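Asks:
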Amino acid sequence: MSTNQKISALLSHLAAGIDLLGKGSFRASGHRRAARLLNGLELDVADIVNNHPEDAQQRLEQIEGIGKGTAKRIVEYVTTGSLAEHQKMLEQVPASVIELLEIPGLGPAAVRTLWREMQIESIDDLKRQLDTDADALASLPRLGKASVEKIRRAVDFRTKTSGRIQLGRALPFGEQLREELREVPGVLQVELAGSLRRGRDAIGDVDLLACCADPEALRSRFRELPGIADLLSDGDSKLSARFDAPGGGGVQVDLRIVPRESWGAALMYFTGSQDHNIAMRGRASRRGMLLNEYGLFERRVAEQQGEDEGSGGKAEAGDLVVGDSETAIFEALDLEPIPPELREEAHGLEPVPDDLVTLEDIDAELHSHTTESDGRLELEELARHAIELGLHTLAITDHSQSSALAGGLEPDRLRRHIDAIRELDERIPELQLLAGSEVDILPDGSLDYEDELLVQLDVVVASPHAALDQPPDVATERLLAAIRHPLVHIVGHPTGRIVGRRRGLEPDMTKLVQAAAECDTVLEINANPRRLDLRDSHARAALSAGCKLAINTDAHSTRHFTLLRYGVLTARRAGLTRKDCINTWSPQQLRTWLEEKRR
DNA sequence: GCCGTTTTCGGCCCGACTGTTTTCAGTCG
Numbered sequence: 077m078s079t080n081q082k083i084s085a086l087l088s089h090l091a092a093g094i095d096l097l098g099k100g101s102f103r104a105s106g107h108r109r110a111a112r113l114l115n116g117l118e119l120d121v122a123d124i125v126n127n128h129p130e131d132a133q134q135r136l137e138q139i140e141g142i143g144k145g146t147a148k149r150i151v152e153y154v155t156t157g158s159l160a161e162h163q164k165m166l167e168q169v170p171a172s173v174i175e176l177l178e179i180p181g182l183g184p185a186a187v188r189t190l191w192r193e194m195q196i197e198s199i200d201d202l203k204r205q206l207d208t209d210a211d212a213l214a215s216l217p218r219l220g221k222a223s224v225e226k227i228r229r230a231v232d233f234r235t236k237t238s239g240r241i242q243l244g245r246a247l248p249f250g251e252q253l254r255e256e257l258r259e260v261p262g263v264l265q266v267e268l269a270g271s272l273r274r275g276r277d278a279i280g281d282v283d284l285l286a287c288c289a290d291p292e293a294l295r296s297r298f299r300e301l302p303g304i305a306d307l308l309s310d311g312d313s314k315l316s317a318r319f320d321a322p323g324g325g326g327v328q329v330d331l332r333i334v335p336r337e338s339w340g341a342a343l344m345y346f347t348g349s350q351d352h353n354i355a356m357r358g359r360a361s362r363r364g365m366l367l368n369e370y371g372l373f374e375r376r377v378a379e380q381q382g383e384d385e386g387s388g389g390k391a392e393a394g395d396l397v398v399g400d401s402e403t404a405i406f407e408a409l410d411l412e413p414i415p416p417e418l419r420e421e422a423h424g425l426e427p428v429p430d431d432l433v434t435l436e437d438i439d440a441e442l443h444s445h446t447t448e449s450d451g452r453l454e455l456e457e458l459a460r461h462a463i464e465l466g467l468h469t470l471a472i473t474d475h476s477q478s479s480a481l482a483g484g485l486e487p488d489r490l491r492r493h494i495d496a497i498r499e500l501d502e503r504i505p506e507l508q509l510l511a512g513s514e515v516d517i518l519p520d521g522s523l524d525y526e527d528e529l530l531v532q533l534d535v536v537v538a539s540p541h542a543a544l545d546q547p548p549d550v551a552t553e554r555l556l557a558a559i560r561h562p563l564v565h566i567v568g569h570p571t572g573r574i575v576g577r578r579r580g581l582e583p584d585m586t587k588l589v590q591a592a593a594e595c596d597t598v599l600e601i602n603a604n605p606r607r608l609d610l611r612d613s614h615a616r617a618a619l620s621a622g623c624k625l626a627i628n629t630d631a632h633s634t635r636h637f638t639l640l641r642y643g644v645l646t647a648r649r650a651g652l653t654r655k656d657c658i659n660t661w662s663p664q665q666l667r668t669w670l671e672e673k674r675r
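Each step along the first sequence adds one to the number in this note's numbering, with nothing skipped, and position 372 is 448.
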């Protein structure tokens with residue numbers, strides 16, 4: 077974890093403690109806001125504190141959203157390694173009590189009651205109480221039989237699933253539900269919303285938005301969807317259920333039914349992010365308008381009755397300006413439409429480059445495997461498939477010798493493989509076939525083949541595969557060595573993380589992206605949804621340092637080519653444009669770069 | 001906690017749904 081992330085986690089935790097102690101919910105949400113901001117911040121606050129010890133506090137306060145309090149806490153954490161206020165909070169609230177807030181349906185008030193009235197201090201305590209004497213729980217103030225059953229189901233659900241779901245599983249699942257609902261007679265629109273629409277690498281639940289001439293037909297179809305396990309709420313405009321997700325585990329799905337005239341406002345509202353919505357509302361407000369999930373309205377100040385007169389009325393919605401289309405709302409607020417992927421705090425309401433990369437722009441795959449190492453397809457099958465997909469360039473990059481389990485090639489076998497690739501390239505003029513290798517970056521930063529062999533390859537993708545739990549400073553040097561190696565073109569899945577499973581390397585990204593920009597070495601966004609590595613925030617940092625990026629599927633089979641869209645979503649979240657994405661280049665432009673990079 | 005062409009103090013997104021109440025608090029997104 078970077079320092080930013082560590083402080084962010086501490087502030088979130090502190091916020092939860094403040095909530096439980098009842099010490100002001102606005103203070104708590106202020107901490108949460110600062111935590112979110114730090115998490116998405118490109119620059120490293122530790123650098124600011126270390127490089128400018130005399131005026132670090134003032135420099136930090138320059139950052140929008142960081143005030144005196146947070147600046148002070150950042151300095152304290154970087155210089156001492158802890159936060160006194162957080163320690164003090166932990167003396168009053170056990171960490172295991174804070175964990176209870178992770179159970180859906182349990183908020184600060186309920187957790188406080190469980191803790192104070194029944195000495196329930198952990199999820200295990202809660203499970204035990206549910207098993208032995210659930211009635212005692214039901215007798216607590218503002219609880220009851222129905223609430224307790226809800227909590228029981230939520231606790232069971234939690235033990236079955238591990239939090240967020242990878243985008244690669246959630247998106248096809250959400251799309252399938254969307255198609256089922258689109259078949260309901262009278263349906264006008266059904267769309268995915270939430271973090272799924274924004275293309276985040278992992279999502280907490282699936283949000284669906286619909287409008288329909290016959291809402292009851294839609295509601296009853298939803299209640300009967302295959303895989304539904306538990307209907308959580310069942311109102312006129314909002315239904316919510318837990319589903320058994322494909323491949324085990326479960327996922328919560330929310331369906332909201334909105335009036336047609338509010339479609340755009342509702343889609344915008346439920347797509348988020350929260351920070352984006354707040355920024356949009358703020359912009360509307362400054363322009364004398366009011367934005368909510370029903371539309372963009374003229375703002376009218378309500379006349380106050382009686383004694384309150386003169387104390388300033390509450391703003392309320394006047395005439396509808398626009399509501400049925402997202403684009404129209406952006407335009408009414410003098411903004412170019414912002415695609416869902418960029419509706420995050422890191423992007424703000426900045427203009428969007430008009431050549432933001434799209435799936436259709438990608439014409440080259442620069443990282444793929446054949447049966448020669450651990451791929452499923454023979455060389456020629458793979459090449460033919462690439463042609464069917466309309467690619468003009470395919471790099472064959474089988475594993476190097478150290479990846480023994482993946483059938484990595486010893487030097488002699490690689491030499492023969494290069495010959496086979498070149499021979500095939502001659503035979504199929506419609507595809508530019510590149511002879512490459514995915515060379516292991518060994519733990520010490522050296523590469524898995526001698527330069528004499530590497531130089532014979534058209535393209536070298538260097539990737540870390542082992543020792544992925546190295547300390548950050550060792551990982552930084554290891555990856556820097558690969559980035560600076562004159563024969564390396566691309567660094568593949570640079571951190572080796574697996575979404576939600578393996579943290580992977582945690583190098584100093586600022587140093588890596590600077591070096592990559594200087595050496596003209598390309599960093600990969602590995603499109604496999606298990607990886608999505610570089611992740612969005614790292615890719616954004618790379619772009620602002622002036623790096624070029626590749627989006628590769630790392631294909632081991634035909635199915636893997638379909639994963640490209642996840643890489644593109646991640647790239648768009650970082651703001652990647654066509655010109656900075658080498659997979660969009662022409663065959664000649666690519667060939668020229670590959671050769672000139674080595675001069 | 002943060003912020004300021006409505007404010008340096010007093011606001012902070014706000015509506016739907018549920019369950020426990022008997023008019024509303026808590027939770028969620």
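Note that beta-carbon positions come from the ideal geometry of N, C-alpha and C, so glycine has one too. Predicted, not measured: the structure shown is a model, and the values here were computed from it.
Rounded to whole angstroms, what's the CA-CA distance from D520 to R554? Just pull it up for me.
Replies: For the purposes of this step, residue 520 is identified with residue 444 of the first sequence, where counting begins at 1. For the purposes of this step, residue 554 is identified with residue 478 of the first sequence, where counting begins at 1. So the two alpha carbons sit approximately 6 Å from each other.
Asks: So, with DSSP's three-state summary, where would you put I139?
Replies: Indexing the first sequence from 1 puts residue 139 at position 63. Looking at I139 - three-state DSSP - the assignment turns out to be coil, as it is neither helix nor strand.
Asks: What does a CB cutoff of less than 7 Å around V260 pick up in its chain, not counting 5 residues either side in sequence?
Replies: The count along the first sequence starts at 1 and reaches residue 260 at position 184. Around V260: C288, A293, L294, R297.
Asks: Keeping to the same chain, check which residues put their C-beta closer than 6 Å to that of P416; ignore five residues upstream and five downstream.
Replies: Here the question's residue 416 lines up with position 340 in the first sequence. If we look at P416 and ignore the five residues flanking it on each side, its Cβ neighbours are R273, R274, T347.
Asks: Is it true that the CB of C657 sits closer than 9 Å to the CB of A626?
Replies: The sequence position of residue 626 within the first sequence is 550, counting from 1. The sequence position of residue 657 within the first sequence is 581, counting from 1. Yes. Within cutoff.
Asks: Within 8 Å, do at least three Cβ pairs link the segment 225–237 to the segment 246–262?
Replies: Touching, no, given that fewer than three Cβ pairs across the two stretches are closer than 8 Å.
Asks: List the DSSP bridge partners of F637.
Replies: Start at 1 with the first residue of the first sequence, and residue 637 comes out as number 561. The partner list for F637 (beta bridge, DSSP) is empty, contrary to what the question assumes.
Asks: Quick test of your reading: G572 and H541, contact by CB under 8 Å. State the CB separation rounded to the nearest angstrom.
Replies: Indexing the first sequence from 1 puts residue 572 at position 496. Indexing the first sequence from 1 puts residue 541 at position 465. Confirmed, about 7 Å.
Asks: Strictly by DSSP, which residues pair up with Q319?
Replies: Residue numbering aside, residue 319 sits at position 243 when the first sequence is read from its first letter. For clarity, residue 319 is Phe in the given sequence; the question names Gln instead. Partner(s): I304, V327.
Asks: Between K655, P487, L610, which has its C-alpha nearest G512's C-alpha?
Replies: For this step, residue 512 is matched to residue 436 along the first sequence. G512 has its Cα closest to that of P487, out of K655, P487, L610.
Asks: DSSP state of L243, grouped into three classes?
Replies: Residue mapping note: residue 243 aligns to position 167 of the first sequence, counting from 1. Helix, per DSSP.
Asks: Taking the C-alpha atoms as reference points, what is the distance between M356 and F373?
Replies: The sequence position of residue 356 within the first sequence is 280, counting from 1. The sequence position of residue 373 within the first sequence is 297, counting from 1. Taking the straight line from one Cα to the other gives about 13 Å.
Asks: Contact between the segment 336–350 and the segment 309–319 is defined here as three or more beta-carbon pairs at a separation below 8 Å; is this criterion met?
Replies: Short answer: they don't touch.
Asks: Indicate the three-state DSSP secondary structure (helix, strand or coil) for S172 in the structure shown.
Replies: In the first sequence, counting from the first residue as 1, residue 172 sits at position 96. Helix at S172.
Asks: If you run the structure through DSSP and keep just helix, strand and coil, what is D474?
Replies: Walking along the first sequence from the start, residue 474 turns up at place 398. In this structure, D474 counts as strand in the three-state DSSP scheme.
Asks: At the level of alpha carbons, what is the spacing between S729 and T447?
Replies: Beyond the ends of the chain as shown, which are 77 and 675, falls residue 729; an answer cannot be given.
Asks: Between A471 and V535, which are expected to be in contact by the criterion C-beta below 8 Å, what is the C-beta distance as a whole number of angstroms?
Replies: Within the first sequence, the letter at position 395 stands for residue 471. Within the first sequence, the letter at position 459 stands for residue 535. With a Cβ gap of about 5 Å, A471 and V535 count as contacting.
Asks: So, for I179: in the same chain, excluding its five sequence neighbours on each side, which residues have a beta-carbon less than 8 Å away from its beta-carbon?
Replies: What you label residue 179 is simply residue 103 of the first sequence in a count that begins at 1. Once the five neighbours on either side are set aside, the close Cβ partners of I179 are I199, L202, I227, A230, V231, R234.
Asks: Could you give the distance in angstroms between the alpha-carbon of G325 and the alpha-carbon of L243?
Replies: Counting from 1 along the first sequence, the entry for residue 325 is found at position 249. Counting from 1 along the first sequence, the entry for residue 243 is found at position 167. Looking at the two C-alpha atoms, the distance is approximately 14 Å.
Asks: Could you compute how far the alpha carbon of S620 sits from the alpha carbon of S158?
Replies: Stepping through the first sequence from its first residue, residue 620 is reached at position 544. Stepping through the first sequence from its first residue, residue 158 is reached at position 82. S620 and S158: Cα-Cα distance of roughly 31 Å.
Asks: If you draw a straight line from the alpha carbon of G388 to that of R359, how long is it in whole angstroms?
Replies: Here residue 388 refers to the residue found at position 312 when the first sequence is read from its first residue. Here residue 359 refers to the residue found at position 283 when the first sequence is read from its first residue. Because the pLDDT at G388 is just 38, under 50, the model does not fix this residue reliably, and the value given afterwards should be weighed accordingly. The straight-line gap from Cα to Cα measures roughly 21 Å.
Asks: Return the chain-ordered list of same chain residues with a C-beta closer than 7 Å to the C-beta of L500, the five sequence neighbours on each side being excluded.
Replies: In the first sequence, residue 500 corresponds to position 424, counting from 1. L455, E456, A459, L509, listed in sequence order.
Asks: Since R649 and D612 are thought to touch, with beta carbons under 8 Å apart, how far apart are those beta carbons, to the nearest angstrom?
Replies: Taking the first residue of the first sequence as 1, we reach residue 649 at position 573. Taking the first residue of the first sequence as 1, we reach residue 612 at position 536. Between D612 and R649 the Cβ distance is about 4 Å, and since that is below 8 Å, they are a contact.
Asks: Residue range of the alpha helix (DSSP H) that Q590 falls in?
Replies: As a first step, residue 590 must be located in the first sequence, where it is residue number 514. Looking at the DSSP string, the run of the alpha helix (DSSP H) that includes Q590 is 585–595.
Asks: Taking 9 Å as the threshold (C-beta atoms), are L284 and E267 in contact?
Replies: As a first step, residue 267 must be located in the first sequence, where it is residue number 191. As a first step, residue 284 must be located in the first sequence, where it is residue number 208. Yes, they are a contact pair.
Asks: Does DSSP classify R376 as helix, strand or coil?
Replies: Within the first sequence, the letter at position 300 stands for residue 376. Three-state DSSP puts R376 in a strand.
Asks: Tell me whether I196 sits in a helix, a strand or coil according to DSSP, three-state version.
Replies: By one-based count along the first sequence, residue 196 stands at place 120. Three-state result, I196: coil.
Asks: Beta strand (DSSP E) containing S513: first to last residue?
Replies: Along the first sequence, one-based indexing puts residue 513 at 437. Looking at the DSSP string, the run of the beta strand (DSSP E) that includes S513 is 508–516.
Asks: For D630, does the count of other Cβ atoms within 10 angstroms reach 16, so buried, or fall short, so exposed?
Replies: For the purposes of this step, residue 630 is taken as residue 554 along the first sequence, with counting starting at 1. Buried, since its Cβ has 16 or more Cβ neighbours within 10 Å.
Asks: Return the chain-ordered list of same chain residues with a C-beta closer than 7 Å to the C-beta of E385, the five sequence neighbours on each side being excluded.
Replies: Along the first sequence, one-based indexing puts residue 385 at 309. With a pLDDT of only 34 at E385, under the threshold of 50, the placement of this residue in the model should not be trusted, and no figure is reported.
Asks: Are the beta-carbon atoms belonging to L176 and L190 less than 9 Å from one another?
Replies: Taking the first residue of the first sequence as 1, we reach residue 176 at position 100. Taking the first residue of the first sequence as 1, we reach residue 190 at position 114. Cβ distance < 9 Å, so L176 and L190 count as in contact.
Asks: Count the other CB atoms, across all protein chains shown, that sit within 10 Å of the CB of P583; report buried if there are 16 or more and exposed otherwise.
Replies: Numbered from 1 along the first sequence, position 507 holds the residue referred to as residue 583. By the 10 Å Cβ count, P583 comes out buried.
Asks: Would you call R149 buried or exposed, if buried means 16 or more other Cβ atoms sit within 10 Å of its Cβ?
Replies: What you label residue 149 is simply residue 73 of the first sequence in a count that begins at 1. Buried is the call here.
Asks: From which residue to which residue does the alpha helix (DSSP H) around M356 run?
Replies: The residue labelled residue 356 in the question sits at position 280 within the first sequence. Here the alpha helix (DSSP H) through M356 covers 350–362.
Asks: Could you round the C-beta distance between D474 and H632 to whole angstroms and report it? I think they count as a contact, below 8 Å.
Replies: Numbered from 1 along the first sequence, position 398 holds the residue referred to as residue 474. Numbered from 1 along the first sequence, position 556 holds the residue referred to as residue 632. That belief does not hold up - the Cβ atoms of D474 and H632 are roughly 10 Å apart, past 8 Å.
Asks: Which ranges would you report for the alpha helix (DSSP H) in the segment 410–457 if only whole runs of at least 4 residues count?
Replies: The qualifying runs do not exist here; there are none.
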